[in-house]
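Peer 1: Sequence lines, in order, name chains A and B.
Just add 1 to wherever you are in the first sequence, counting from 1, and you've got this note's numbering.
Just add 1 to wherever you are in the second sequence, counting from 1, and you've got this note's numbering.
All C-beta atoms in this analysis are idealised placements derived from N, C-alpha and C, irrespective of residue type, glycine included.
Only a predicted model underlies this, so the values are computations on that prediction, with no experimental measurement involved.
2 protein chains.
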Amino acid sequence: MAKRQSRRRKSTNTSDENAVPRSHAYRQLKHPFEAQRVFSDDAIERMHNMALRLLEELGIKMLLPEARSLFKAASAIVDDDTLMVRIGKEIVDQALNSAPRSIRLRAASPTKEQLYENGSMLFTAGSGCPNAYDIERGRRPGSLRDFNETLMLQQSFDIIHLLGPSAEPQDVPPNLRHYEMLRSQLTLCDKPIFTYARGRAQVQECFDLIKLGLNLSDDDFIDGCWTSTVINTNSPRQIDIPMAEGIIDFARAGQISIITPFCLAGAMAPVSISGALILQHAEALAGITLAQLANPGAPVSYGGFASNVDMKSGSPAFGTPEHIKLSIGSGQLARYINLPWRSAAGSASNTADMQSATENNMGLMAALQANATLTIHAAGWLEGGLCFGYEKFINDVEALQTIAELCTPLPEDEDTMGWSALADVEPGGHFFATEHTMKRYRDAFYPPLVADLSNNGSWLESGGLTSTQRATTIWQNTLRDFKKPAHSQSAADRIAGYIEAGIARGGSAPAGG
Amino acid sequence: MAKRQSRRRKSTNTSDENAVPRSHAYRQLKHPFEAQRVFSDDAIERMHNMALRLLEELGIKMLLPEARSLFKAASAIVDDDTLMVRIGKEIVDQALNSAPRSIRLRAASPTKEQLYENGSMLFTAGSGCPNAYDIERGRRPGSLRDFNETLMLQQSFDIIHLLGPSAEPQDVPPNLRHYEMLRSQLTLCDKPIFTYARGRAQVQECFDLIKLGLNLSDDDFIDGCWTSTVINTNSPRQIDIPMAEGIIDFARAGQISIITPFCLAGAMAPVSISGALILQHAEALAGITLAQLANPGAPVSYGGFASNVDMKSGSPAFGTPEHIKLSIGSGQLARYINLPWRSAAGSASNTADMQSATENNMGLMAALQANATLTIHAAGWLEGGLCFGYEKFINDVEALQTIAELCTPLPEDEDTMGWSALADVEPGGHFFATEHTMKRYRDAFYPPLVADLSNNGSWLESGGLTSTQRATTIWQNTLRDFKKPAHSQSAADRIAGYIEAGIARGGSAPAGG
Chain A
2 MAKRQSRRRK STNTSDENAV PRSHAYRQLK HPFEAQRVFS DDAIERMHNM
52 ALRLLEELGI KMLLPEARSL FKAASAIVDD DTLMVRIGKE IVDQALNSAP
102 RSIRLRAASP TKEQLYENGS MLFTAGSGCP NAYDIERGRR PGSLRDFNET
152 LMLQQSFDII HLLGPSAEPQ DVPPNLRHYE MLRSQLTLCD KPIFTYARGR
202 AQVQECFDLI KLGLNLSDDD FIDGCWTSTV INTNSPRQID IPMAEGIIDF
252 ARAGQISIIT PFCLAGAMAP VSISGALILQ HAEALAGITL AQLANPGAPV
302 SYGGFASNVD MKSGSPAFGT PEHIKLSIGS GQLARYINLP WRSAAGSASN
352 TADMQSATEN NMGLMAALQA NATLTIHAAG WLEGGLCFGY EKFINDVEAL
402 QTIAELCTPL PEDEDTMGWS ALADVEPGGH FFATEHTMKR YRDAFYPPLV
452 ADLSNNGSWL ESGGLTSTQR ATTIWQNTLR DFKKPAHSQS AADRIAGYIE
502 AGIARGGSAP AGG
Chain B
2 MAKRQSRRRK STNTSDENAV PRSHAYRQLK HPFEAQRVFS DDAIERMHNM
52 ALRLLEELGI KMLLPEARSL FKAASAIVDD DTLMVRIGKE IVDQALNSAP
102 RSIRLRAASP TKEQLYENGS MLFTAGSGCP NAYDIERGRR PGSLRDFNET
152 LMLQQSFDII HLLGPSAEPQ DVPPNLRHYE MLRSQLTLCD KPIFTYARGR
202 AQVQECFDLI KLGLNLSDDD FIDGCWTSTV INTNSPRQID IPMAEGIIDF
252 ARAGQISIIT PFCLAGAMAP VSISGALILQ HAEALAGITL AQLANPGAPV
302 SYGGFASNVD MKSGSPAFGT PEHIKLSIGS GQLARYINLP WRSAAGSASN
352 TADMQSATEN NMGLMAALQA NATLTIHAAG WLEGGLCFGY EKFINDVEAL
402 QTIAELCTPL PEDEDTMGWS ALADVEPGGH FFATEHTMKR YRDAFYPPLV
452 ADLSNNGSWL ESGGLTSTQR ATTIWQNTLR DFKKPAHSQS AADRIAGYIE
502 AGIARGGSAP AGG
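#1: Any Cβ of chain B within less than 8 Å of the Cβ of Pro-511(A)?
#2: At least one CB of chain A closer than 8 Å to the CB of Asp-311(B): is that the case?
#3: How would you list, in chain order, the residues of chain B whose beta-carbon sits under 8 Å from the beta-carbon of Asp-438(A)?
#4: Would Val-93(B) pass as an interface residue toward chain A - the criterion being a Cβ-Cβ separation below 8 Å?
#5: Where does Pro-142(B) sit, in a helix, a strand or coil, going by DSSP?
#6: Name the DSSP beta bridge partners of Cys-388(A), please?
#7: Heavy atom of the ligand FMN less than 7 Å from the Cβ of Ala-268(A), yes or no?
#8: My assumption, with CB atoms under 8 Å, is that Pro-233(A) sits in contact with Phe-208(A). Please give the rounded CB distance.
#9: Find the residues of chain B that neighbour His-282(A), judging by a C-beta separation of less than 9 Å, and give them in chain order.
#10: Please report how far the alpha carbon of Gly-498(A) lies from the alpha carbon of Gln-171(A), in whole angstroms.
#11: Below 8 Å on the Cβ atoms is my contact criterion, and I expect Ile-260(B) with Ile-289(B) to pass it. Report the Cβ-Cβ distance as a whole number of Å.
#12: Note down, one range per segment and in chain order, each beta strand (DSSP E) of at least 3 residues found wholly within the stretch 251–334 of chain B.
#13: Do Pro-531(A) and Thr-403(B) have their C-beta atoms closer together than 8 Å?
#14: Where does Thr-125(A) fall in DSSP's three states?
#15: Can you give me, in chain order, the residues of the stretch 39–58 of chain B that have a beta carbon less than 9 Å from any beta carbon in chain A?
#16: Short check: CB of Ser-128(A) to CB of Ser-167(A), under 8 Å?
#17: Could you check the C-alpha separation between Ala-512(A) and Leu-71(A) for me, to the nearest Å?
#18: Which of the three DSSP states is assigned to Ala-96(B) in this structure?
#19: Going along the stretch 144–177 of chain B in order, which residues come within less than 7 Å of chain A, judged by CB to CB distance?
#20: Does the beta carbon of Phe-433(B) come closer than 8 Å to any beta carbon on chain A?
#21: What do you get for Pro-22(A), buried or exposed, if any count of 16 or more other CB atoms within 10 angstroms of its CB means buried?
#22: Output, in chain order, the set of chain A residues within a Cβ distance shorter than 9 Å of Glu-406(B).
#23: Do you know whose CA, among Met-153(A), Leu-183(A), Ile-248(A), lies nearest Ala-198(A)'s CA?
#24: Determine, using beta carbons only, whether Pro-22(B) comes closer than 8 Å to chain A.
#25: Output the boundary residues of the beta strand (DSSP E) element that contains Glu-118(A).
#26: Mind reading off the beta-carbon distance from Ser-308(A) to Leu-280(A)? Whole number of angstroms is fine, and I expect it under 8 Å.
#27: Report the option in Ala-318(A), Ala-487(A), Ala-380(A) whose CA atom is closest to the CA atom of Glu-399(A).
#28: So what's Asp-494(B) in DSSP terms, helix, strand or just coil?
#29: With 16 other CB atoms within 10 Å as the buried threshold, where does Gly-200(B) fall?
#30: With 16 as the cutoff for other CB atoms within 10 Å, does Met-439(B) come out buried or exposed?
#31: Could you give the first and the last residue of the continuous alpha helix (DSSP H) run that contains Ser-70(A)?
#32: Ends of the alpha helix (DSSP H) at Ile-211(B)?
#33: Less than 8 Å between C-beta atoms, sequence neighbours within five positions excluded: which residues of the same chain meet that for Arg-102(A)?
#34: Along chain B, in chain order, which residues have C-beta atoms closer than 9 Å to that of Glu-35(A)?
#35: Would you verify that the beta carbon of Phe-251(A) is, or is not, closer than 8 Å to some beta carbon of chain B?
#36: Can you check which of these residues, Gly-165(B), Gln-95(B), Ala-452(B), is closest to Ser-348(A) by C-alpha distance?
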């Protein structure tokens, strides 16, 4: 097979390597490849129609009276005893007409703004984890320190585009937690902010904090979206009170809710790929419609986070063939209704091993094939979301950066094609020192973050560490070298009094959740 | 974010799980997705033309006199002093016309036959490794025992379609090694056989052993290909003596040679993606042309195994963005000349960690995007090919099986879509026990090979092992339960005398290398 090439460029010293002037700005990315299909266009149309029929004939249970009222006012058939809402096709159609196709995600730094639209490729770190893990400190319940550290990691890598709550700060009481989650995002980061929909009072206070912290007028605040939330339906066919409140409140405030049924095929959804997608589609359409009824034209995202249950453990599975097919099918459905949409990667593995890499990589591959607008849980998600892994995050960032590099179009000019270099080098020679190489080599290739390509002898000499072990140093150095964004102190000052007053009042209890 | 679902199907006992009657026959696979592009069609045409110009104006160095004679007879301009051959476009065009588009790969078992043509998706295990590694026995120079064990692993997983020399049996003298490599393949396996092109004498003896072992007449032997070889050019622009002999001998015997320049951008090839591909294309065209001059219509494959050098270590890199782009570009070039082609995955990592998984997964993703006919080094390749990892192999097989599952089209009938199941389940209920689920759940999802999806408590109780550690038991059980194919004893008997006589003669020295 391939013969070994023995000539290797002499290793330069570390300071030189770090001086390689290569851009790492993986910011406003556009999908490089065409979307793939797992269903025929005809089947997608039938699935859409079955979802509409599901909403019209069987209906969806809406626990929030205000949501039922909105549907009633739009001529849906509402039964206030069973709490069921039956939604006609024309109501859904009208909502799909008024939902925007392109949404401007604002950020404290204009360079971190994003267009949330089909064609964009955005990533969020693993989010919603009650626990955190790193090699040095082991597995523990998430704390504010973990929440802040994981935010700093998210902030430090351009490939993470939207902030997410990676580690739940369980050491902060639930009624005060939203204050700290917003304070940290506003003072440590300059990327689009995440807000949990944990009840009206908390949501309103989070909006207030964003306006205060970033010094936004009411008009500024609705000029694009300054924050997003993820709305999970209670599959099958149910939307609970805090989720419906979240949809309504975000819509009225002009902020984006990402309507994401979590349809596990064989558990909360039918066991077939198409059956699970039909349920997901119906529930997402119901949520999108509610947002549009609350505020026509409100920013809203379609969401697909369907996977299968593992037949052995009954756990949610990620990166499986079924997950990939469901992601690609979700993309087909999102494009059918012409809305931007979110997908998800992630891992069920308990540790940062090959399983965890392959699960996440397969989910990322699915998102790429599916042209997902946003892929959540793209880095650091272990245990199916029960734990955020620091070393796992660093290793997943490598995979994400690899994919991001595919977004740069290749130059097609004759000079790049290197005819003169080809002509310069004799048969059996090498290209190390040609002018063509010397001119380009510093910027030619992606420089690995955690991958170590040294030979076995050198690798053993430097300790024989796995990429998981090497990642410890990387996240530690990243935190050590972390610099707060320019607006940090002024934001901190502007929100301090509001939070103090809130704490003095006893904060706001979260709703349901 | 996603709320945890607490209801989980009760775990069944192990023997029940193993009884799940699901087909694992990942055999004659067809690519499920459309090929992607990294270059415009126009750029690909220009690259093809630059490769032709390279062959016509600059030429390629052919060390073998017989190869130069074949080119001279075809009106190429040959300089026997410089050994350079300048090949006109019309000579290449004629070769591309006579090369077959679809090649039948024969195997001892007809169920393991393959069509080598564009659209097929074939995988070979990591090959050509001088060393072997597993957790129990550590890293060691490859031995015949390792060679045999790795063949048995290849034989045991349907996702490995063609045999490959995973671990070099260094304890067998080079002049006798080909006997043992063929004996093992003929008696342990029933899949398409690999033969090294290590000189005429060895190649002829390998052909003889295949005919004897599988009881083939001369006519049988040329009815399809019973064996393949990989031909590496000596980039840039050189083909050495054993490689040219291999091309000629395989072509004349009607067996397939896979012409694979190993173009490392920035080392043996230009530093740009397009430049490296132009060199690869020129060298592959030269090899393909030589095969067709030796025997018009001979089975031959285009090969692309281009990657970049790591800027830090100077080592070949795998699974990098450049590797992915080069693979997709190779696919575009192969389709431009309408020939089936091989790609490669693999890993540069020193151990079966996340790096190693991500590198290989990215290479597999590239092969999928590029619609590679054959992907070599798809499982088990560590250290850029210097070491075959047993646990790595098992973990990579999981990734391959995940991809293979994508080849099964999704049913689009109304019953599968599950309308009645959707109507059966109340809002907030579950689908565990619906008729729709009960009818399908045993076969509905891919059952993981090494992935463990149990929760953290169960995982810790069962030892808290990584997927790499769990893989040890899997390869050990696979070897323990291994059954030789039906033809094993008769093949062994038929070749025994031939090998004995060869050994008595002192075998045959390999040529070059």
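Peer 2: According to the structure shown:
#1: What you label residue 511(A) is simply residue 510 of the first sequence in a count that begins at 1. Interface residue (Cβ-Cβ distance to chain B less than 8 Å): Pro-511(A) is not classified as such.
#2: Here residue 311(B) refers to the residue found at position 310 when the second sequence is read from its first residue. With 8 Å as the cut-off, Asp-311(B) counts as an interface residue toward chain A.
#3: Residue 438(A) sits at position 437 when you count from the first residue of the first sequence. Correcting the residue identity first, residue 438(A) is Thr in this sequence and not Asp. Contact annotation for Thr-438(A) against chain B: Gly-267, Pro-271, Val-272 [CB-CB distance below 8 Å, chain order].
#4: Your numbering for residue 93(B) matches position 92 in the second sequence. At a cut-off of 8 Å, the C-beta of Val-93(B) has no neighbouring C-beta in chain A.
#5: In the second sequence, the residue the question calls residue 142(B) occupies position 141. In the three-state scheme derived from DSSP, where H, G and I count as helix and E and B as strand, Pro-142(B) is classed as strand.
#6: In the first sequence, counting from the first residue as 1, residue 388(A) sits at position 387. Per DSSP, Asn-132(A), Leu-383(A).
#7: The ligand FMN is absent from the structure shown, which contains no ligand whatsoever.
#8: Translated into positions along the first sequence, residue 233(A) becomes position 232. Translated into positions along the first sequence, residue 208(A) becomes position 207. At residue 233(A) the sequence reads Asn, which differs from the Pro that was named. Wrong, their Cβ atoms sit about 20 Å apart, outside the cutoff.
#9: As a working mapping, residue 282(A) is identified with position 281 in the first sequence. Correct list: empty, because the minimum Cβ distance to chain B is about 11 Å.
#10: Here residue 498(A) refers to the residue found at position 497 when the first sequence is read from its first residue. Here residue 171(A) refers to the residue found at position 170 when the first sequence is read from its first residue. Here the alpha carbons of Gln-171(A) and Gly-498(A) stand approximately 23 Å from one another.
#11: What you label residue 260(B) is simply residue 259 of the second sequence in a count that begins at 1. What you label residue 289(B) is simply residue 288 of the second sequence in a count that begins at 1. Contact between Ile-260(B) and Ile-289(B) is confirmed by a C-beta separation of about 6 Å, below the 8 Å threshold.
#12: Unbroken beta strand (DSSP E) stretches of 3 residues or longer found wholly inside the stretch 251–334 of chain B: 257–260, 301–304, given in chain order.
#13: Lying outside 2 to 514, the shown extent of chain A, residue 531(A) is not represented and no answer is given.
#14: Locating residue 125(A) in the first sequence gives position 124, where the first residue counts as 1. Looking at Thr-125(A) - three-state DSSP - the assignment turns out to be strand.
#15: If the cut-off is 9 Å between Cβ atoms, the stretch 39–58 of chain B has Val-39, Phe-40, Ser-41, Asp-43, Ala-44, Arg-47, Met-48, Met-51, Arg-54, Leu-55, Glu-58 near chain A.
#16: As a working note, residue 128(A) is residue 127 in the first sequence. As a working note, residue 167(A) is residue 166 in the first sequence. Yes. Within cutoff.
#17: Here residue 512(A) corresponds to residue number 511 of the first sequence, with the count starting at 1. Here residue 71(A) corresponds to residue number 70 of the first sequence, with the count starting at 1. Going by the C-alpha atoms only, they are around 21 Å apart.
#18: Taking the first residue of the second sequence as position 1, residue 96(B) is located at position 95. Three-state DSSP puts Ala-96(B) in a helix.
#19: Here the close residues number zero.
#20: Walking along the second sequence from the start, residue 433(B) turns up at place 432. Judged by the 8 Å Cβ criterion, Phe-433(B) is in contact with chain A.
#21: Within the first sequence, the letter at position 21 stands for residue 22(A). Since pLDDT at Pro-22(A) reaches only 41, below the 50 mark, its modelled position is unreliable, and the value read off the structure follows with that caveat. The C-beta of Pro-22(A) has fewer than 16 other C-beta atoms within 10 Å across all chains shown, which makes the residue exposed.
#22: If you number the second sequence from 1, residue 406(B) lands on position 405. Contact of Glu-406(B) with chain A by beta-carbon distance below 9 Å involves Thr-321, Pro-322, Glu-323, Ile-325, Lys-326.
#23: Against the first sequence, residue 198(A) aligns to sequence position 197. The candidate whose alpha carbon is nearest that of Ala-198(A) is Ile-248(A).
#24: Here residue 22(B) refers to the residue found at position 21 of the second sequence. Since pLDDT at Pro-22(B) reaches only 42, below the 50 mark, its modelled position is unreliable, and the value read off the structure follows with that caveat. Between Pro-22(B) and chain A, the shortest Cβ-Cβ separation is not below 8 Å.
#25: Locating residue 118(A) in the first sequence gives position 117, counting from the first residue. For Glu-118(A), the enclosing beta strand (DSSP E) starts and ends at 115–118.
#26: In the first sequence, the residue the question calls residue 308(A) occupies position 307. In the first sequence, the residue the question calls residue 280(A) occupies position 279. That belief does not hold up - the Cβ atoms of Ser-308(A) and Leu-280(A) are roughly 13 Å apart, past 8 Å.
#27: To locate residue 399(A), count along the first sequence from 1; it is residue 398. Selected option, being the one with the closest Cα: Ala-380(A).
#28: Here residue 494(B) corresponds to residue number 493 of the second sequence, with the count starting at 1. Asp-494(B): helix per DSSP, three-state reduction.
#29: For this step, residue 200(B) is matched to residue 199 along the second sequence. Gly-200(B) is buried by the Cβ-count criterion.
#30: If you number the second sequence from 1, residue 439(B) lands on position 438. Burial call: exposed.
#31: Taking the first sequence and counting its residues from 1, the one referred to as residue 70(A) is at position 69. Start and end: 66–74.
#32: Along the second sequence, one-based indexing puts residue 211(B) at 210. Segment 201–214, the alpha helix (DSSP H) holding Ile-211(B).
#33: Working through the first sequence from its first residue, we reach residue 102(A) at position 101. The answer, listed in chain order, is Glu-118, Asn-119, Asn-339, Leu-340, Pro-341.
#34: One-based indexing of the first sequence puts residue 35(A) at position 34. For the C-beta of Glu-35(A), the chain B residues within less than 9 Å are, from N- to C-terminus, Glu-35, Gln-37, Arg-38.
#35: For the purposes of this step, residue 251(A) is taken as the residue at position 250 of the first sequence. Taking Cβ atoms only, chain B never reaches closer than 8 Å to Phe-251(A), which makes this a no.
#36: Along the first sequence, one-based indexing puts residue 348(A) at 347. Ranked by how close their Cα comes to the Cα of Ser-348(A), the residues Gly-165(B), Gln-95(B), Ala-452(B) have Ala-452(B) in first place.
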